[in-house]
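Colleague:
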Amino acid sequence: MENILKTILLEYEKSQFILDLVEHDSGATFVSITQNIQGIETSQKLKINPSVLTDILFVLQEYNEEIHKSFPSDRHAYFSEEKQNKVVARFLKGVSIEDLLLQFDCSKQIIEQILYNKGIEIPQQDKVKKYYHRRKKK
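Here the working numbering is used: the first residue of the sequence shown is 13, the next is one more, and so on.
(1) Going by alpha carbons, who is nearest to K19 out of V43, H36 and E25?
(2) Can you list, in chain order, the residues of its chain whose CB lies under 8 Å from that of L113, leaving out five sequence neighbours each side?
(3) Taking the C-alpha atoms as reference points, what is the distance between N129 and Q96?
(4) Could you pull the DSSP bridge partners for F29 from this structure?
(5) Does at least one heavy atom of the ligand GTP sit under 7 Å from the Cβ of I123?
(6) Going by Cα to Cα distance, which pick from L127, H80, Q73 and Y24 is closest to K98?
(7) By Cβ distance, which residues of its chain are closer than 6 Å to I49, with the 5 residues on each side in sequence left out?
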């Protein structure tokens, strides 16, 4: 029998991952990763021995760095629901889109798309012209 010590759920657009820290009856501890994809009724499960876990993490971090070098981060930026809510909350507090770009390190189109998807209208940010009043000579 297996005893689950800790569970973390990661949810994304089309799939979710359940990461479990599991202790076996023999006393051995391992990591179990289960992936559930929307639309597919079967789930895929992977059990990782703790002795190879550090090597796997090292390889995955190297792959992650290579992927980020080959693709700009803006093109494949994914904002979780929590991050999207932070963008909306800061925008509603009065933070400009330009400042949000710096805070979240993404393109203007992504920020505008998030706000549009949440039903928030973006006002035109045209510069206001000063009213020039000409004095009449007396």
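From the three backbone atoms N, C-alpha and C, an ideal C-beta is built for every residue, glycine too.
Modeller: For this structure:
(1) First, the amino acid is wrong: residue 19 is Thr here, not Lys. The candidate whose alpha carbon is nearest that of T19 is V43.
(2) S119, K120 and I123
(3) 10 Å
(4) L22 and Q47
(5) The model depicted lacks the ligand GTP and carries no ligand whatsoever.
(6) L127
(7) S27
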